[in-house]
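Structure, as structure tokens:
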Amino acid sequence: MKLSLYPKLAWDSIRKNKRLYLPYLLTCAGMVMMYYIISFLTASPTLEDMRGGRNVQEIMIFGCWIVALFALIFLFCTNSFLMRRRDREFGLYNILGMGKRDLGLLLLWETVLLYAISMAAGLFFGIVLSKLAQLGLAWVASGQISYDLSVAPAALLDALWIFALIFGAIFLKNLVKLWRRNTVSLLRSESVGEKPPRANLLLGLGGVVLLAGAYYIAVSIESPLAALGWFFVAVIMVIVATYMLFISGSVLLCRLLQKNKRFYYQKAHFVSVSSMAYRMKRNGAGLASICILSTMVLVMMMGAGSLYFGMESSLEARCPHQVSVSVDFLSKGAEYVYTPEKEALILDELEAVLESQGTEPEVLEHYLSASVTGMLRDGQLTADPSDPLANLILADRPCLAA
Numbered sequence: 210m211k212l213s214l215y216p217k218l219a220w221d222s223i224r225k226n227k228r229l230y231l232p233y234l235l236t237c238a239g240m241v242m243m244y245y246i247i248s249f250l251t252a253s254p255t256l257e258d259m260r261g262g263r264n265v266q267e268i269m270i271f272g273c274w275i276v277a278l279f280a281l282i283f284l285f286c287t288n289s290f291l292m293r294r295r296d297r298e299f300g301l302y303n304i305l306g307m308g309k310r311d312l313g314l315l316l317l318w319e320t321v322l323l324y325a326i327s328m329a330a331g332l333f334f335g336i337v338l339s340k341l342a343q344l345g346l347a348w349v350a351s352g353q354i355s356y357d358l359s360v361a362p363a364a365l366l367d368a369l370w371i372f373a374l375i376f377g378a379i380f381l382k383n384l385v386k387l388w389r390r391n392t393v394s395l396l397r398s399e400s401v402g403e404k405p406p407r408a409n410l411l412l413g414l415g416g417v418v419l420l421a422g423a424y425y426i427a428v429s430i431e432s433p434l435a436a437l438g439w440f441f442v443a444v445i446m447v448i449v450a451t452y453m454l455f456i457s458g459s460v461l462l463c464r465l466l467q468k469n470k471r472f473y474y475q476k477a478h479f480v481s482v483s484s485m486a487y488r489m490k491r492n493g494a495g496l497a498s499i500c501i502l503s504t505m506v507l508v509m510m511m512g513a514g515s516l517y518f519g520m521e522s523s524l525e526a527r528c529p530h531q532v533s534v535s536v537d538f539l540s541k542g543a544e545y546v547y548t549p550e551k552e553a554l555i556l557d558e559l560e561a562v563l564e565s566q567g568t569e570p571e572v573l574e575h576y577l578s579a580s581v582t583g584m585l586r587d588g589q590l591t592a593d594p595s596d597p598l599a600n601l602i603l604a605d606r607p608c609l610a611a
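Just so you know, we're using our numbering here: the sequence shown kicks off at 210 and counts up by one.
Here is the structure:
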């Protein structure tokens, strides 16, 4: 068979099954678009020059890996739904003389075409919408806005090789699955009844353990710096646990309910529990994806809203006064040593400046702070004799301990 025939067959297959492939292509393009936008923001010079922009970019680097992991799981599940509808078609190709090698080449070309279409559409909309995301983030952070449309080559390359690995893994999974099937099973795939769902105890319990561990991390971490790194570990654990619980844990729960005869053999429970087990077997991954996406949207909206509307209160807590004046006294000579008279003189000068501007202080607070060095011995702090500031501070406090 000529090699030029495989791409034609692959394109005809995609075109004739557009009702199946169009949602899958939209899903792939959406994943590519989301990954590129986040990756673009991590390398954006406009975001880097903003106040706190580097911290936002460091957080978004973790977000890129989370989106890549979610795309891997989500595209695997959606592709499995797609390939179940193609078994009969592959069986017909096999009857017409195409061997497993020919079907593998056909799958390879289909994967290449799907990858090319998904990357072209996803990167196009990602480049267009990345500027909108950058402008929105600059507006929220009160940064300088630039209206120049730019493309991040590093983000493009990252999206290309990451999704190449994802599509390659999907191709290998489909190839192994096709290699294990025979012609009869492919042709009769639509007429064969669905097998009863099997409860996987290991996956179900593993999902419970991962979810409990993620919530324990979220509750037990108190340090903000430690929480930043562990937060993304907990997010990955929640994503994996959600898929495990929806796919296997829900079926396991239905099986446990079926074993409870007093509960299961009732008119209100008999049909609903048995049908729920089949529904979760077919749609567990899709429901888990919807759950994760909904949670991501809620977390981003609530987190961004809390940070945005809490800026004023945070500013007032850190800077309760509109004017702050600090005076440093150094231990370089007698003229730099603190005395109460110098403190009173400084306060009088500040009040004179305010009066000259026609302003009176509503709340006037002043306090003293000092940093000294010395030696701690037997619970007493002894200062250097040549440091007049330290000796002045410790003069009335001979038992000051660190």
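Every residue gets a Cβ at the ideal spot worked out from N, C-alpha and C, and that includes glycine. These numbers come from a predicted model, not from an experiment.
Between Thr320 and Phe376, the C-beta gap is smaller than 8 Å, which places the two residues in contact. By the CB criterion at 8 Å, Leu250 and Gln343 fall inside the cutoff. About 15 Å separates the beta carbon of Ala280 from that of Ala364, a gap too long to meet the 8 Å contact definition. Under the criterion of beta carbons closer than 8 Å, Leu314 and Trp220 do not qualify as touching, at roughly 14 Å. For a cut-off of 8 Å, the C-beta gap from Asn409 to Ser483 is around 18 Å, too long to register as a contact. Phe271 is not a Cβ neighbour of Phe518, given a cutoff of 8 Å.
Contact between Val241 and Gly331 holds: CB atoms are separated by about 3 Å, below the 8 Å threshold.
Nearest C-alpha to Leu284 among Ala325, Lys386, Leu496, Tyr233: Tyr233. The three-state secondary structure of Met243, taken from DSSP, is helix. Comparing alpha carbon positions, the residue from Leu461, Ser523, Phe372 closest to Ala325 is Phe372. Contact annotation: Ile379 and Asn288 have beta-carbon atoms nearer than 8 Å. From the listed residues Lys340, Tyr244, Val536, the smallest Cα separation to Pro254 is found for Lys340.
Within the same chain, and ignoring the five residues on either side of Leu563 in sequence, the residues whose Cβ sits closer than 7 Å to its Cβ are Glu569, Pro570.
For Val460, the closest alpha carbon among the candidates Leu411, Tyr424, Cys500 is that of Leu411. One thing to note: Gly335 has its Cβ within 8 Å of the Cβ of Ile246. For Tyr576, the closest alpha carbon among the candidates Gln566, Val536, Ser565, Asp587 is that of Val536. Relative to the Cα of Arg228, the nearest Cα in the group Pro216, Leu291, Trp370 belongs to Leu291. DSSP places Arg471 inside the alpha helix (DSSP H), whose first and last residues are 470-473. In its own chain, leaving out the 5 sequence neighbours on each side, no residue places its CB closer than 7 Å to the CB of Ser522. Ile499 sits exposed, since fewer than 16 C-beta atoms from the chains shown fall within 10 Å of its C-beta. Burial check for Phe455: the Cβ neighbour count within 10 Å reaches 16 or more, so the residue is buried.
Residue burial is scored here from C-beta neighbours: Asp587 has fewer than 16 other C-beta atoms within 10 angstroms and is therefore classed as exposed.
For the options Ser429, Ser503, Lys309, the alpha carbon positioned closest to that of Val385 is the one of Lys309. Our two residues, Met243 and Tyr302, have alpha carbons roughly 37 Å apart in a direct line. Between Ala443 and Ser327, the C-beta spacing is not below 8 Å. A straight line joining the alpha-carbon of Glu431 with that of Ile448 spans about 23 Å. Pairing Leu278 with Ile445 gives a Cβ-Cβ distance under 8 Å. In this structure, DSSP gives Arg310 a helical state, which the three-state scheme calls helix. Remark: C-beta atoms of Leu374 and Leu316 do not approach each other more closely than 8 Å. The three-state secondary structure of Pro570, taken from DSSP, is coil. Runs of the alpha helix (DSSP H) lying entirely within the segment 418-468, each at least 4 residues long, are 433-453, 459-468 in chain order. Apart from sequence neighbours up to five positions away, no residue of its chain approaches Gln531 with a beta-carbon distance below 8 Å. Counting along the chain, the unbroken alpha helix (DSSP H) around Leu563 starts and ends at 549-565.
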